[in-house]
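Each residue of the sequence shown is one higher than the one before, starting from 11 at the first, in the numbering used here.
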Amino acid sequence: MNALHTIPGRTKKLPPLRVGVGGPVGSGKTTLVEMLCK
11 MNALHTIPGR
21 TKKLPPLRVG
31 VGGPVGSGKT
41 TLVEMLCK
């Protein structure tokens, strides 16, 4: 992934934020990510 975004007022491009979510099957990882993206 080489997509970059800009923040108003800044001249430096930053890479996208990456967050890792771990846990066993059925622990709600997908639901957590879905709620964080809303």
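Note that CB positions come from ideal geometry on N, CA and C, so glycine has one too.
Inter-residue distance for V35 and L27 is about 24 angstroms (C-alpha atoms, whole angstroms). Cβ neighbours of L42 within its own chain (closer than 7 angstroms, five residues either side excluded): V31. If you ignore the 5 residues before and after G33, its C-beta comes within less than 8 angstroms of the C-beta of K39, all in its own chain and listed in chain order. In the three-state reduction of the DSSP assignment, L27 falls in the coil class.
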